[in-house]
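Below is one structure, written out as structure tokens; comments come after it.
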């Protein structure tokens with residue numbers, strides 16, 4: 003029993019990481035239909051921001067707190083730059099965006115290698131987050147994992163509030179639902195696109211900060227997780243956040259359970275098969291906005 | 541020149557280049573490299589069909605390349621080891637005392653040869669049936685195919701004892717009785733690869749100019765519209781996807797004797813997306829563009845990374861960015877632009893009259 | 599029973615009732631115009647008949663049930679449609695567009711061969727819609743009206759018995775409209791034609807019968823004069839349009 007519970011917690015913690023990464027994608031891919039493969043490198047940029055900050059700030063706790071807004075801004079600005087320079091030319095060609103941003107991700111990875119060196123680097127975690135919390139006799143959870151879970155849920159809450167209550171959120175939803183109509187009604191769709199991209203990419207920066215707590219930082223850290231994060235958004239369904247949230251945790255738990263009963267390598271295949279099977283039932287993902295368009 | 545004559549002339553020139561010019565000009569080492577590039581070109585021809593004509597951005601072709609490659613390599617490893625013996629890496633890791641059951645049929649050369657092409661085609665057929673019928677397409681399809689590549693590579697890496705893990709299957713010495721260390725036999729492999737490339741170009745040429753090819757373009761540009769004409773677009777896409785998978789499998793199978801190795805590093809997410817870049821540079825919707833683009837990109841990779849390794853990555857990144865943003869039709873679109881300029885005949889007079897009613901519809 | 603028969607058709611999108619219980623009988627040889635204000639459910643009605651959206655109720659054509667069948671199966675029963683914005687294959691030539699429309703019943707093997715000669719029905723349709731001179735031109739380069747004729751031409755070679763046309767004359771000049779209207783009359787001889795149209799002048803000249811839809815329901819039905827005289831119609835639609 004406690005074994006199942008501890009696998010469950012491990013799955014929730016995998017899910018929280020997936021959720022943090024996929025949340026930004028839910029905005030850029032889900033709301034704007036842009037497949038940004040450089041999202042993983044924005045995560046990397048967020049992680050290296052922590053590393054750079056720790057060179058001058060000795061307190062690990064302070065540097066982590068400062069890193070959250072700074073990483074958000076760094077990754078967000080990179081996102082705006084990408085949107086303005088390249089993606090804006092490609093809104094009519096979503097598949098080409100995928101390839102172009104893959105090229106950008108290669109360039110960013112190599113830049114990271116040239117600046118920080120090819121080997122992984124380490125950051126210091128604040129003392130508070132290096133220990134673990136004992137839930138019951140046999141269930142122990144690393145406090146860093148709990149922190150990431152809290153961070154992911156906070157990010158979901160913040161994003162929901164922004165989308166539901168602010169005027170920016172209303173404008174984002176207006177552009178998503180009918181770009182032409184929004185433009186005709188006087189919305190500066192270009193500005194809305196840039197802001198959406200800023201927030202989506204900024205969330206990648208936050209995810210990068212979280213990842214420094216559980217693993218090493220390296221140039222290739224983004225590539226390894228980006229494919230799974232995209233799967234979360236695809237299976238969750240686009241245009242709504244709740245699908246992304248649910249699927250991130252379900253996939254995390256599934257992964258953890260299957261890995262426990264088989265091996266990591268077999269689990270990756272089983273999860274893939276499960277996703278294809280799920281899409282037989284819900285080809286548009288868990289939740290979709292139904293429209294009448296012919297596409 | 542009619543398109544037919546031009547195509548035949550193109551095939552002729554390509555054959556002369558592949559069978560006479562290249563073997564005369566290139567030394568053994570360079571010819572071996574060219575054989576490797578031609579394998580990539582075969583994959584690219586299939587991607588050109590599926591993506592350029594069919595609109596399916598297949599980001600997991602490495603899986604099919606790998607299935608073909610592993611099927612071939614498993615047989616060659618077994619043949620190298622001799623009857624009754626385990627392949628060297630299995631004895632090295634020392635966990636097995638008998639051949640795993642799924643290795644056994646690959647002792648048979650006919651089975652192995654058929655499997656190199658039929659195995660990838662079967663996997664593509666099953667996956668395609670499941671996802672095309674449920675109308676999973678566009679970005680969803682691209683991401684799923686990429687996830688397949690990721691899962692397959694992780695699976696292979698995890699099964700160290702039976703697949704060679706990260707190292708893959710290496711040190712392949714013989715090819716159906718021919719010693720691959722002998723330069724003469726390596727030249728023979730080159731010729732086999734060249735023949736295969738020409739054959740795949742021929743098949744793709746026929747598919748593109750047939751009624752099926754027209755239908756495939758129609759499905760690419762208006763999948764729903766085609767449905768209203770009585771076709772099931774899933775079947776149309778399935779054919780192109782399965783053919784492309786077969787070509788990738790064949791390329792993987794030929795890659796093994798040409799290069800002597802197959803490993804997860806050649807088939808995961810990164811190599812799979814790299815297969816696409818040559819296609820984009822050369823011209824996704826043309827026949828020769830993908831093959832030439834793949835050869836050019838592979839050559840540039842060897843040339844650049846020999847000198848400045850980091851420069852290659854920047855260059856590759858720019859290859860993904862610049863041609864796709866500024867020249868979506870690839871190099872091939874420049875060629876056809878020049879051709880159209882040269883034949884700048886006035887466009888046919890447009891019939892401005894309204895439709896005939898009395899005579900026509902009766 | 600020949601012709602189109604629709605009974606109690608309902609289409610609901612996420613709680614929004616787009617079509618709420620429509621009954622419609624269109625006999626063979628009729629040219630039925632369906633009109634109504636924006637959002638009345640006209641296009642959704644056609645979408646439901648052709649299988650694009652899920653619906654409940656009963657739809658039959660020439661005695662064959664349509665609801666629940668897949669889009670391409672419905673098309674194979676001889677039901678063809680056009681779209682509000684002309685949907686032709688822009689990267690293919692006029693000839694290729696028509697050839698594809700003629701071909702769903704071709705054997706797989708013959709699809710893999712090149713077209714050697716132009717099928718008779720394609721040649722004839724090209725003549726009818728006056729596109730023979732531009733047969734080798736890409737459909738994307740055609741003028742707006744020509745694209746709409748190409749779509750009608752595709753219905754002809756498809757040998758559709760029920761033609762569902764969504765605003766076929768939008769954006770056409772007066773002479774083009776007249777020609778299209780005459781063509782519809784000819785086509786209806788041995789076919790059933792249903793036209794969604796906003797153009798009142800076109801309707802008065804070419805409609806045989808009219809169905810008026812409002813808020814997902816049939817408001818009125820009859821000849822042009824009958825419908826025009828119906829006070830309810832004047833209130834919601836013609837009244838404003840005619841004044």
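Protein chains in written order, with the working numbering: chain S, 3 to 297; chain P, 541 to 902; chain A, 599 to 841.
We put the CB at the ideal spot given by N, CA and C, even for glycine.
{"Item": "Residues in the stretch 692 to 708 of chain P having any Cβ partner in chain S nearer than 7 Å", "Value": "694, 695, 697, 698, 699"}
{"Item": "Residue-chain proximity (residue 672 of chain P, chain S), Cβ-Cβ < 8 Å", "Value": "no"}
{"Item": "Coil, strand or helix - residue 711 of chain P by DSSP", "Value": "coil"}
{"Item": "Between the CA atoms of residue 836 of chain P and residue 801 of chain P - distance to the nearest angstrom", "Value": "22 Å"}
{"Item": "Pair within 8 Å by beta-carbon distance, residue 753 of chain P and residue 660 of chain P", "Value": "no"}
{"Item": "Chain A contact for residue 768 of chain P (CB, 8 Å cutoff)", "Value": "yes"}
{"Item": "Under the three-state DSSP convention, the category residue 606 of chain A falls into", "Value": "strand"}
{"Item": "Min CB distance residue 755 of chain P to chain A below 8 Å", "Value": "yes"}
{"Item": "Exposed unless 16 or more other CB atoms sit within 10 angstroms - verdict on residue 719 of chain P", "Value": "exposed"}
{"Item": "Other residues of its chain near residue 204 of chain S: CB distance less than 6 Å, five sequence neighbours each side excluded", "Value": "74, 77, 78"}
{"Item": "Residues from the stretch 598 to 628 of chain P in contact with chain A, defined by Cβ distance under 9 Å", "Value": "none"}
{"Item": "Within-8 Å CB hit, residue 882 of chain P to chain S", "Value": "no"}
{"Item": "8 Å Cβ cut-off: residues of chain P touching residue 669 of chain A", "Value": "764, 767, 768"}
{"Item": "Distance between residue 564 of chain P and residue 798 of chain P (C-alpha atoms, nearest Å)", "Value": "18 Å"}
{"Item": "Within 8 Å, strictly: CB atoms of residue 238 of chain S and residue 289 of chain S", "Value": "yes"}
{"Item": "8 Å contact criterion, which residue 839 of chain P and residue 845 of chain P should meet: CB distance rounded", "Value": "Their Cβ separation, rounded to whole angstroms, is 11 Å, which puts residue 839 of chain P and residue 845 of chain P out of contact at 8 Å."}
{"Item": "Residue 787 of chain P (DSSP reduced to helix, strand or coil)", "Value": "helix"}
{"Item": "Boundaries of the beta strand (DSSP E) in which residue 818 of chain A is found, first to last residue", "Value": "815 to 820"}
{"Item": "Beta-carbon proximity of residue 809 of chain A to residue 630 of chain A, cut-off 8 Å", "Value": "yes"}
{"Item": "Distance between residue 750 of chain A and residue 360 of chain S (C-alpha atoms, nearest Å)", "Value": "Since the first and last residues shown for chain S are 3 and 297, residue 360 of chain S lies out of range."}
{"Item": "Test item: CB-CB of residue 913 of chain P and residue 792 of chain P under 8 Å", "Value": "Residue coverage of chain P in this structure runs from 541 to 902, which leaves residue 913 of chain P outside it and unanswerable."}
{"Item": "Contact with chain P by residue 679 of chain A, beta-carbon distance below 8 Å", "Value": "yes"}
{"Item": "Residue 614 of chain P: first and last residue of the uninterrupted alpha helix (DSSP H) it sits in", "Value": "601 to 621"}
{"Item": "Spatial neighbours of residue 743 of chain A in its chain, beta-carbon cut-off 8 Å, leaving aside the 5 residues before and after", "Value": "769, 770, 771, 774"}
{"Item": "Pairwise C-alpha distance: residue 715 of chain A and residue 894 of chain P", "Value": "Residue confidence for residue 894 of chain P is low, a pLDDT of 48 falling below 50, so the modelled location carries little weight; the figure read from the coordinates is stated next. Taking the straight line from one Cα to the other gives about 26 Å."}
{"Item": "Assumed close pair residue 198 of chain S, residue 33 of chain S - CB separation to whole angstroms, cut-off 8 Å", "Value": "6 Å"}
{"Item": "Cβ pair residue 243 of chain S, residue 679 of chain P closer than 8 Å", "Value": "no"}
{"Item": "8 Å Cβ cut-off: residues of chain P touching residue 112 of chain S", "Value": "850, 853, 854, 857"}
{"Item": "Inter-residue spacing [alpha-carbon to alpha-carbon] between residue 107 of chain S and residue 269 of chain S", "Value": "27 Å"}
{"Item": "Residue 802 of chain A burial status per 10 Å Cβ neighbour count (16 or more: buried)", "Value": "exposed"}
{"Item": "Rounded C-alpha distance that separates residue 891 of chain P from residue 731 of chain A", "Value": "A caution first: residue 891 of chain P carries a pLDDT of 48, below 50, which makes its placement in the model unreliable, though a value can still be read off. Each residue's alpha carbon lies about 6 Å from the other."}
{"Item": "Under 8 Å by beta carbon: chain P residues contacting residue 674 of chain A", "Value": "770"}
{"Item": "Straight-line gap, residue 856 of chain P to residue 811 of chain P (C-alpha atoms, nearest Å)", "Value": "12 Å"}
{"Item": "Start-to-end residues for the alpha helix (DSSP H) that takes in residue 149 of chain S", "Value": "145 to 167"}
{"Item": "The stretch 771 to 778 of chain P in contact with the stretch 683 to 694 of chain P per 3-pair CB rule at 8 Å", "Value": "no"}
{"Item": "Proximity winner among S:182, S:157, S:186, S:190, relative to residue 169 of chain S (alpha-carbon distances)", "Value": "S:190"}
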